[in-house]
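All residue numbers for the sequence shown refer to UniProt numbering, where the first residue is 1 and numbers rise by one. By construction, the Cβ of each residue, glycine as well, lies at the ideal position given by its N, Cα and C atoms. Step one of this worksheet: look at the structure below.
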Amino acid sequence: MSIAAPPAALHAAHTAWLTQLLLNSASHSVRRDLSDAAALHRRVMQLLPDDDFGDSPRSRAGILFRLETNALGGLLLLVQSRTPLDPELLPPGYAETRSKDMSPLLTALRPGFVVRYRLLGNTIRRCGRNSTEGRWKQAIPLHGQDADNWWAQRAPAAGLMPHTILSEPGEALTAWHRIHDRTSATPEAKPSKTPRRQENHVRVPHQTTRFEGTATIRDADALREALLTGIGRGKSYGCGLLSIAPTALGA
């Protein structure tokens, strides 16, 4: 099936880059960043050029990222952005990098196409004021069928009709925050027992579930929006990046 070339304005509106970083596990900087999701977030943000992104640089620059293990067992950090990143800003020996323009994929999406998807979701439910499960706004981790339902409920808004949902619990993403940070006031925050941090840091875990499967595109515009802005919470800590690829089934 041939696809007509999209108008130039549409192409410009749907521009993003995917940067793949094959991490060097022997690097001290890599090991330090992997032990703290907040530190990994700061490392990713350092890759942005010196443009002024205002008070919300992550969302304005369209930064989404996810850690994966490649086929050879190497650690791969995927970083998506609305502007090209500068790998030269990484410490020496941190990673091997390559980038690709996502515009052809974003502009080619059409209803009826069948795609493979992957997502690391921050699968939680927030307690209401009258909840008996916990304090108001406390994050309750979701597992098993509850986690699958979390994605099944969000997929239609992302323009997808899943055929299959394969899920497995992801490793909890642990972020360390200074005591005065507003994040540390959440019920999930736990005092650090690590000597170098116990005086002024708290540990904040982020529950994750990895989803994979196939789906039919029902709303191409909604899918583009989900690809560019992410799914759910925890985007600053490596959750929410939705990835898709064509399948042999086609349309």
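Look at residue i and residue j and say whether their C-beta atoms are less than 8 Å apart.
| i | j | result |
| --- | --- | --- |
| ALA37 | LEU173 | yes |
| GLN207 | THR123 | yes |
| PRO111 | ILE217 | yes |
| GLU225 | ARG118 | no |
| LEU227 | LEU78 | no |
| THR97 | GLN46 | no |
| LEU75 | SER25 | yes |
How many Å lie between residue i and residue j at the Cα?
| i | j | result |
| --- | --- | --- |
| PRO162 | THR209 | 16 Å |
| LYS235 | ALA222 | 18 Å |
| SER2 | VAL114 | With a pLDDT of only 38 at SER2, under 50, the local geometry of the prediction cannot be trusted, and the value read off the model is given with reservation. Looking at the two C-alpha atoms, the distance is approximately 15 Å. |
| ALA155 | ILE165 | 11 Å |
| ALA152 | ASP50 | 39 Å |
| ALA16 | TRP150 | 27 Å |
| ALA245 | TYR94 | 28 Å |
| LEU142 | ARG233 | 13 Å |
| THR83 | THR229 | 14 Å |
| ARG60 | THR247 | 31 Å |
| LEU64 | PRO169 | 20 Å |
| ARG116 | GLU68 | 16 Å |
| SER184 | ASP55 | Low per-residue confidence applies at SER184: pLDDT is 42, beneath 50, and the placement is therefore not dependable, though the value from the model is reported in the following sentence. Roughly 20 Å separates the two Cα atoms. |
| PHE53 | SER243 | 24 Å |
| SER35 | PRO57 | 23 Å |
| HIS14 | VAL30 | 32 Å |
| LEU85 | GLU171 | 27 Å |
Exposed or buried, what is residue i when buried is set at 16 or more other beta-carbons lying within 10 Å of its beta-carbon?
| i | result |
| --- | --- |
| ARG43 | buried |
| HIS41 | buried |
| HIS28 | exposed |
| LEU23 | buried |
| GLN80 | buried |
| GLY144 | exposed |
| residue 287 | Missing from the structure shown is residue 287; the chain here goes from 1 to 251 and no further. |
| residue 252 | Summary: the structure shown does not reach residue 252, with the chain confined to residues 1 through 251, and so no result is reported for it. |
| ALA158 | buried |
| ASP33 | buried |
| LEU89 | exposed |
| LYS193 | The predicted position of LYS193 is uncertain, since its pLDDT is 46 and thus under 50; no value can be drawn from it. |
| PRO104 | exposed |
Am I right that residue i and residue j are in contact with their C-beta atoms under 8 Å? What's the rounded C-beta distance?
| i | j | result |
| --- | --- | --- |
| SER167 | ALA139 | No, SER167 and ALA139 are not in contact; Cβ-Cβ is about 18 Å, not under 8 Å. |
| ARG125 | GLY238 | That belief does not hold up - the Cβ atoms of ARG125 and GLY238 are roughly 20 Å apart, past 8 Å. |
| LEU18 | SER99 | 7 Å |
| LEU160 | ALA220 | About 10 Å separates the two Cβ atoms, so there is no contact after all. |
| ILE231 | GLY62 | 14 Å between Cβ atoms; not a contact. |
Beta strand (DSSP E) runs wholly inside the region 42 to 70, at least 3 long, in chain order: Counting whole runs of 3 or more residues, the region 42 to 70 contains the beta strand (DSSP E) stretches 64 to 69.
Ranges of the beta strand (DSSP E) found wholly within the region 84 to 127, counting only runs of at least 3: Within the region 84 to 127, complete beta strand (DSSP E) segments of at least 3 residues are found at 95 to 101, 114 to 121 and 124 to 126, given in chain order.
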